[in-house]
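This report concerns only the one structure given below.
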Amino acid sequence: MQKTLGSIAVDTTQEVPQRPAFINRRMMWLVIFIGGVIWALWESGIFQNKMVNTGGLALGGRFLSASLNPDLSGEFLLLTLNATLTTLAFAVIGLFLSVIVGFFGGVVVSETWIKSYTIARGDQELPILVRGLWLGLRWILVVFRSIHEVIWALVFVAIVGLDPLSAILALAIPFSAIIAKVFSEIIDEANHEPLYALLNSGISPSKAFLYGLFPLTFTDMLSYSFYRFECAIRAAAVLGIVGVGGLGYQIFLSLQTLKFPQIWTLLFALFLLNGLADLWSSLLRRRLGGDIRCGGSCVDVEAVHASQTSADPIYQDRVVRLSIIFAALLVPLSFWYLSPDIGKLFSARTIQNMVVVGQSAFPPNFTVFSLNEWIDLSKITIAMSLLAVAFAGISGLIFSFPAANNFLLSGGIFAAGSQNGTSQFLGTTVLVLTRGILLVLRSIPAPIWALLLLFVIFPGVIPGALALGIYTLGVLGRLVAEVIENLDERPLTALKSQGASRAGVFTYGALPPTYPRFISYLMYRWEEIIRATVIVGLVGAGGLGRSLTELLSSFDYQAVFAVLIVFIGITFIVDMISSSTRKTLRQS
Amino acid sequence: MFELFQVSRKFGVFPALEDITFNIMAGERVAVVGPSGAGKSTLIRLLNGTLFSTTGEVRVLGQRLDQLSPQALRQVQSRVGTVYQQFHLVDNLRVVHNLNAGHLNRWSLTKSLVSLIRPMDVQGAFNALEQVGIPEKLYERTDRLSGGQQQRVAIARVLIQDPEAILADEPISNLDPELSKEVIDILVDLSVCSGKTLFCSLHAIEFALSNFGRIIGLRRGRILFDSAAENVTDEMIKSVYRG
Ligand SMILES: Nc1ncnc2c1ncn2[C@@H]1O[C@H](COP(=O)(O)OP(=O)(O)O)[C@@H](O)[C@H]1O
Ligand SMILES: [Mg+2]
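Each protein sequence line maps, in turn, to chains A and B.
In case it helps, this note's numbering puts the first sequence at residues 2 to 589.
In case it helps, this note's numbering puts the second sequence at residues 1323 to 1565.
Okay, here's the thing in structure tokens:
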């Protein structure tokens, strides 16, 4: 028996505590997930059918070699510039509207708002009608969110035609719903003491929110809005494939005629646009990051606090201020560039079209498919999303560490101990290379990836899943790299200072705090992937998405409506699984 | 054990430590005291090899740290354990894994990985926890523990690492007085029982005088005094903390 140190008295006859059960809730999820992926592989037919189309290899090779001589003629460069500006303008206006709608929507659907009203009414229950309305609004947001931008675009094209207006609205509707959800979460998770103090002194909820809550949530909301800007650029590019213009549209056209040099010009423009947007957004978010992040240089808490209190309020930060001004200029410029015909929205023709589309979609016709067919279609959609998640998850884990700037560079988590020039050069090369790869992966819209993959892979679930997985890897890898860059430095220092090997520091210091965030991002992406199965379906990758395209092109709107309803049902289930996984992670 | 000769460390142009010279023998118990910003943490980092001096010589276990290969540096580092003011543990790991991190310089990668899934050397971890008085917390998640308990886990990890010298950087600054006394007692006891060298930085002087044989007074990066505890006068203390 060991001696106890110090002056504390303990019962030294204690037994070693029981090892916790190996099979816990987390393990259970892991087993279910692995089972699901195996099932999805089976479902994809990878074991039964030939996958690689050797006949297409030559075409794929020609495509790749065309990257060295993109079409740089003056005429085509002008077209590319126009397409780039169009995509940018779609994103700017769509996001601008979404932030406004999302802000008010987020306030109204937050628990905090309804609670504030209850308090303001002297703790009386709200009338059933108000409560019902509130719940209804939350559900509408869920439905709006679960339908992909491209589907919205198809609907608006049917109603207002091929006008920039269609693209803007198609982007703004799901984005408003997502922003409203996130803003309501930010509001609900904020510190409510100041708000309740104001409410209890008889101030109305609106004013109490203005003084007691918004100052606390402003930074987070601003930061999230700028993050959404990256997403908006990518979404705007995808919208092109329904014909509303922009880079996605031009790439689609050039792909159909196999004009590879043109595609590369457009792709380079897309990389540039995405790269700049990502750079801007991450620079800003770093400035806005309000919480204590102990970087490599800070020695102790006092130092951090000191630097925090002396810092100016965020809106006085030069970068933040310039960015807000720049964003404020972009909005009217984009309006001017696109000059969408807003009057059209209220024209008699539009309203007539709306009625026609509405009438022809009601009631939804579920009999287009037999029950078995419905089940098969749903199974394929789910299998495709699971394979995409598995691909993005495994490769994301490999890519995100080298893409973090505190991994291989000197002093980093996995840096070679010696600080010589070669290892620093090597580290920098790996960093730039992985970041570049991730940027390329996420810049190219998933349906374009699918089309490219179809050069060498036979149509089916696999190219769809790969396209979604590749694109998701690009997004996920970057998000997780940011998580790693913000890791608490202190446990890592402690491990290094006791002489632990690089692998030891990595497995005990870096991996454990990263993986819960990693899994929860992956789960969020799964919700996103399910939505996006529709758009790879558009290029023939199977499942509900493909049926949707076929039904749309035969103008069978009643059946389209039925497919959408089933689709929303699947999205709900995935949302539920995803959120309960995240909950399990937070608890254990 | 530790030999410093005319050591300075600058951050940019700012001198955090200047002209530091002292020797610490194996088995000695030394406290370095000074107000915040005096350079205590910087000094500790020089001794455990996470920072190198700008000028002067730092020798640990007879070796100049800034001239070692990464491998050799890790070898020396594994023989020096550090306890920090903010515990420096991985929050979302169970206590047992944070303790086993003390084995990392002996364990192979495979063993380290397997242990994260099925904890190994549980008995060793339990014994170490028992010595610091919280054996029942073996499988608790680390962020569920109080500050005092986390500091004990950090000390137990050093027990498992089993170094020849222990560095402690203000180990009690985040604890209340009663817990502070217990933690200092544990550290001093550990050094007495096993003959390990103990070098501890402290913000306040009280615990230093009663528990350590030798006191070094640090102020604005310079040593003001270096003397046996019984020879420390009120004058000397005042000189360290004056405004
Ligand atoms: N990494 C660093 N970069 C810049 N200045 C530093 C750094 N580490 C410490 N300093 C400065 O060196 C001085 C001594 O710091 P420190 O050793 O942490 O003091 P103590 O631990 O005694 O409070 C302080 O003024 C601090 O601001
Ligand atoms: Mg300090």
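The beta carbon of each residue, even a glycine, is placed where N, CA and C say it ideally should be.
Note that the coordinates shown come from a computational prediction; the quantities given were computed from them, not determined experimentally.
- Here the C-alpha atom of A:Q499 lies approximately 9 Å from the C-alpha atom of B:L1426.
- A straight line joining the alpha-carbon of A:V356 with that of A:A237 spans about 27 Å.
- Residue state for B:V1510 is assigned as helix, using DSSP reduced to three classes.
- Among the residues facing chain A, B:Y1461 is included, as its CB has a counterpart in that chain under 8 Å away.
- Beta bridge pairing from DSSP links B:R1463 with B:R1416.
- By DSSP's assignment, B:A1490 forms a beta bridge with B:V1405, B:C1522.
- Pairing B:N1422 with B:S1437 gives a Cβ-Cβ distance under 8 Å.
- For B:T1376, same chain residues with a beta-carbon under 7 Å away, outside a window of 5 residues either side, are S1330, R1331, K1332 in chain order.
- Using a Cβ-Cβ cut-off of 9 Å, A:R27 is close to nothing in chain B; its nearest Cβ partner there is about 11 Å away.
- Under the 8 Å criterion on CB atoms, A:K497 is classed as interfacial with respect to chain B.
- A:V151 and B:N1420 have their alpha carbons spaced roughly 48 Å apart.
- A buried status is given to B:V1505, since no fewer than 16 other beta-carbon atoms sit within 10 Å of its beta-carbon.
- For A:L155, DSSP assigns no beta-bridge partner whatsoever.
- Taken in chain order, the complete alpha helix (DSSP H) segments of 4 residues or longer contained in the stretch 423–490 of chain A are 447–454, 462–486.
- Contact of B:N1427 with chain A is assigned, a C-beta pair being separated by under 8 Å.
- Taking CB atoms only, B:I1494 has no neighbour in chain A less than 8 Å away.
- A Cβ-Cβ contact shorter than 8 Å links A:V481 with A:T515.
- Going by DSSP, B:A1353 is part of the beta strand (DSSP E) stretching over 1351–1355.
- Between ligand 1 and A:A198, a heavy atom-to-CB distance of less than 7 Å is absent.
- In this structure, the beta-carbon distance from A:F392 to A:A329 does not fall below 8 Å.
- Assignment of B:I1545 by DSSP, reduced to helix, strand and coil, places it in the strand class.
- The straight-line gap separating the alpha-carbon atoms of A:I520 and A:W527 is approximately 10 Å.
- Contact residues of the stretch 517–549 of chain A toward chain B are P517 (C-beta to C-beta distance below 7 Å).
- Interface annotation, A:Q559: not in contact with chain B, CB-CB separation never under 8 Å.
- Under the three-pair Cβ rule at 8 Å, the stretch 558–575 of chain A counts as touching the stretch 371–389 of chain A.
- In the structure shown, A:S111 falls within a coil segment according to DSSP collapsed to helix, strand and coil.
- Proximity of chain A to B:A1423 at the Cβ level (cut-off 9 Å) is accounted for by P492, A495, L496, Q499, A501, G505, Y509, G510, in chain order.
- Identification of chain B residues near A:L73 by a Cβ-Cβ cut-off of 8 Å yields none; the smallest Cβ-Cβ distance measures about 47 Å.
- Neighbours of B:E1458 in chain A, taken as residues at a C-beta separation under 8 Å, are given in chain order as Q15, P18.
- Counting C-beta atoms within 10 angstroms of its own C-beta, A:G56 has fewer than 16 neighbours from the protein chains shown and is therefore classed as exposed.
- Here the stretch 453–465 of chain A does not lie against the stretch 482–493 of chain A, with fewer than 3 beta-carbon pairs under 8 Å apart.
- Of the residues assessed, A:R547 falls on the buried side of the cut-off, its CB having 16 or more other CB atoms within 10 angstroms.
- At a cut-off of 8 Å, the C-beta of A:L6 has a neighbouring C-beta in chain B.
- A buried status is given to A:K497, since no fewer than 16 other beta-carbon atoms sit within 10 Å of its beta-carbon.
- A:A542 and A:F261 have their C-alpha atoms roughly 22 Å apart.
- Here A:V245 is near A:A168, since their CB atoms are less than 8 Å apart.
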